[in-house]
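Data block below; observations after.
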Amino acid sequence: MISPLQLAAGGALLIAAGALINARLGARMRAGRLLAGVQPHTPTEALASTDHAYVAINGSVDAAEAFEDENHRPLVYRRERVLISDGRSWREIDRAVRSVPFSLSDATSAIAIDVGALDEGLIVIERRWDGSVAELHAAQREYATSASAALVVELAASDPERGARLILEQISTLDHATAAGGLAGGQLTAGPGGRPLILTTLERGEALRILGAEKRWAHLAGLAALLLFVLGALLCLAAVISLLATPLSGAGVTASPTPTPETGDARTGGTSVGLGGLVSLLLALTAPFALAGLVALLARAAIRMRR
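Written out as structure tokens, the structure is:
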């Protein structure tokens, strides 16, 4: 017989597993869902609106003073990330960001972008270089931290053939962009409830296509997380009901000289299914979905490792 404590523990574990899967879906997938769910407006329309909780705007990138890249393009934001191979995955070891204050504007209004809030919500065409740690060291590039520079020197000496990757993302005043976030004080920033600030210089459909590259697996993983949440809640509820029913099970019981015939389901040999049987049935019904969610999560992880 399964005890109420075991039911509660099992429910808590399932809820925790669902929360873990949900968290692993990633900020990029959440950004895709948010971007697909809002209709972009001009800065003038957004400022005139009364709903500033989470809005999307579309306008030209504008800045009082830009800086140039090696191709003399006027930039307002540049992010360089250095990654090294750990076998089948990539680990970021350095991130350098250079930016100036900028806004998205139309003919009459402008909304500033909170540059510090840009993270996984930045969706642009990436410029990528792939090579070895030895080649990375030979390039004698500057790093954001001395620890990153020291690590590259160490790896170039100990494992020069290890894979290295450089990813460059930038925003120019020549770009037209769409951004989504919370509007406060004339500035677009991260929204309430942990909703990220999103900015893309791509067409909205193309940005959604990039973010939705793993959409099928994310949906399966999300379904698995939901099922784990529901099953965990049911087990916790069963534990509470069992605890409440236990004190009542012995109340009013008196000895009887006449034997009481056994009751139950004849298909199970006269044995009552009971709470344990119900739990087993729930587990049997949801196990295939949980397994499918696990497979989806592993497949998604494999996709990310190959990038």
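Take the position in the sequence shown, starting the count at 1, then add 1157; the result is the number in the numbering used here. Glycine is no exception: its CB is placed at the ideal position from the N, C-alpha and C atoms.
| Check | Outcome |
| --- | --- |
| Beta carbon proximity, ALA1193 to chain C, threshold 9 Å | Reference to chain C is not applicable here, since this structure consists of a single protein chain. |
| For VAL1239, three-class secondary structure by DSSP | strand |
| Contact between the stretch 1346 to 1361 and the stretch 1270 to 1290 (3+ Cβ pairs under 8 Å) | yes |
| Sequence-distant residues of its chain with Cβ nearer than 7 Å to ALA1099 (five each side left out) | Shown here, the chain extends from 1158 to 1464; a query on residue 1099 therefore has no answer. |
| Buried versus exposed call for ALA1341 [16 or more other C-beta atoms within 10 Å across all chains shown] | exposed |
| Residues near ASP1263 by beta carbon distance below 7 Å, same chain, minus five either side | THR1199, PRO1200, THR1201 and GLY1216 |
| Residues that GLU1326 bridges to, as DSSP identifies them | ARG1236 |
| In DSSP terms, what ILE1355 is bridged to | ALA1337 |
| Neighbourhood of GLU1249 by C-beta distance below 8 Å, restricted to the same chain and skipping five residues each side | ARG1238, VAL1239 and LEU1240 |
| Range of the contiguous beta strand (DSSP E) that encloses ALA1203 | Per DSSP, ALA1203 belongs to no beta strand (DSSP E); it is in the alpha helix (DSSP H), 1200 to 1205. |
| Within 9 Å, strictly: CB atoms of VAL1281 and ARG1319 | no |
| 6 Å Cβ shell around LEU1325 - same chain, five flanking residues per side excluded | GLU1237 and ARG1284 |
| Given ASP1208 as reference, the closest of GLY1338, ASP1332, ARG1235 and THR1265 once Cα atoms are compared | GLY1338 |
| Residue closest to LEU1354, alpha-carbon to alpha-carbon, out of ALA1223, LEU1323 and VAL1195 | VAL1195 |
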